[in-house]
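Engineer:
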Amino acid sequence: MHSYTRAESRERGKLFRKGFKQSLADCLDPDIKRRIERIDRAAAERGALELAALHKVQADARQDLAAAKAVERTAPRADRPAAREARKQAEQRVRLAERAVHKAERG
Numbered sequence: 007m008h009s010y011t012r013a014e015s016r017e018r019g020k021l022f023r024k025g026f027k028q029s030l031a032d033c034l035d036p037d038i039k040r041r042i043e044r045i046d047r048a049a050a051e052r053g054a055l056e057l058a059a060l061h062k063v064q065a066d067a068r069q070d071l072a073a074a075k076a077v078e079r080t081a082p083r084a085d086r087p088a089a090r091e092a093r094k095q096a097e098q099r100v101r102l103a104e105r106a107v108h109k110a111e112r113g
């Protein structure tokens, strides 16, 4: 996964277009390729950190869901509606976290 900043995206696009024009003329500057690779490395490192953070959020959400299910199962009859609502909210957080992880891994 890559996570480009806006400035990196602009710079990379500019360098790519410049390199493309130079490659058509058969005089490609190796500095352009190095700068693009440097930007890609930085974005890949940032993306890996973000993906690890998303996995942690997902794991925490699953732990919270397991705890909410246990509380719901052991709650007295009067407290069950509140426990059920807490479980539903925990399930929603798990779904959102899974969607975010899936989106990050895919793209």
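According to our numbering, numbering within the sequence shown proceeds without interruption in unit steps and concludes at 113. A virtual CB, placed ideally from N, CA and C, is assigned to each residue, including glycine.
Can you tell me whether His108 is helix, strand or coil according to DSSP?
Structural biologist: helix
Engineer: Mind checking Gln64: buried by the 16 CB within 10 Å criterion, or exposed?
Structural biologist: buried
Engineer: Given this structure, state the Cα-to-Cα distance separating Arg41 from Glu91, to the nearest angstrom.
Structural biologist: 52 Å
Engineer: Would you tell me roughly how many angstroms separate the C-alpha atoms of Ala13 and Pro87, rounded to the nearest one?
Structural biologist: Their Cα atoms are separated by approximately 49 Å.
Engineer: My assumption, with CB atoms under 8 Å, is that Arg68 sits in contact with Val107. Please give the rounded CB distance.
Structural biologist: With a Cβ gap of about 11 Å, Arg68 and Val107 do not count as contacting.
Engineer: Just to confirm the assignment: which complete beta strand (DSSP E) runs, minimum length 3, are found wholly within the stretch 20-45?
Structural biologist: Entirely contained in the stretch 20-45, not one beta strand (DSSP E) run reaches 3 residues.
Engineer: Rounding to the nearest angstrom, what Cα-Cα distance links His8 and Gly113 in this structure?
Structural biologist: 8 Å
Engineer: With DSSP run on the structure shown, which of helix, strand or coil describes Gly53?
Structural biologist: helix
Engineer: Taking all protein chains shown into account, decide if Ala96 is buried (16 or more other Cβ within 10 angstroms of its Cβ) or exposed.
Structural biologist: By the C-beta density criterion, Ala96 is buried, having at least 16 other C-beta atoms within 10 angstroms.
Engineer: Excluding sequence positions up to five away, which residues of its chain have a Cβ less than 6 Å from the Cβ of Ala110?
Structural biologist: Met7, Leu57, Leu60
Engineer: Rounded to whole angstroms, what is the Cα-Cα separation between Phe22 and Glu43?
Structural biologist: So the two alpha carbons sit approximately 11 Å from each other.
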